[in-house]
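In our numbering, the protein residues as written are 2 to 137.
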């Protein structure tokens, strides 16, 4: 990935996360700025942005900070430790599979909720249309 460094404001814009949220994720150990400027400003890379996007996508699916940390640890190890023994690699892949399955299940639940919400909104539109005076 690109080694270009971005300040936290640009990262916030790109990830649609608030500065406060990004700082919170840093405090909890989910993401660490790749560098700091001479003035002490946090500097991030594309890799850091990608990590924040994983976190952002997990949050609405109800994953906890510990679960986010666990998944990120597994993917970091898979990506950065080419000398993993086969058993360890399979165990890490198994963890990632469990998160994929949990995410899929949560997406299915959200689809049901969305369909119900759309039905409700349509019911209200129909009711308004039926109750509206003729010619309006």
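For glycine and all other residues, C-beta sits at the position ideal for the given N, C-alpha and C.
Along the chain, where does the beta strand (DSSP E) that runs through residue i open and close?
i, result
"residue 43", "43-45"
Considering just the uninterrupted stretch of the alpha helix (DSSP H) at residue i, what are its terminal residues?
i, result
"residue 20", "20-28"
"residue 110", "87-132"
Is residue i helix, strand or coil by DSSP?
i, result
"residue 36", "strand"
"residue 2", "With a pLDDT of only 47 at residue 2, under the threshold of 50, the placement of this residue in the model should not be trusted; the figure read from the coordinates follows. If DSSP states are grouped into helix, strand and coil, residue 2 belongs with coil."
"residue 75", "helix"
"residue 31", "coil"
"residue 135", "coil"
"residue 83", "coil"
"residue 65", "coil"
Report buried or exposed for residue i, applying the criterion of at least 16 other Cβ atoms within 10 angstroms of its Cβ.
i, result
"residue 64", "buried"
"residue 112", "exposed"
"residue 18", "buried"
"residue 13", "buried"
"residue 49", "buried"
"residue 34", "buried"
"residue 108", "exposed"
Can you round the beta-carbon distance between residue i and residue j to whole angstroms, since I take them to be within the 8 angstroms contact cut?
i, j, result
"residue 97", "residue 76", "7 angstroms"
"residue 53", "residue 16", "5 angstroms"
"residue 8", "residue 44", "7 angstroms"
"residue 70", "residue 30", "7 angstroms"
With which residues is residue i paired in a DSSP beta bridge?
i, result
"residue 7", "45"
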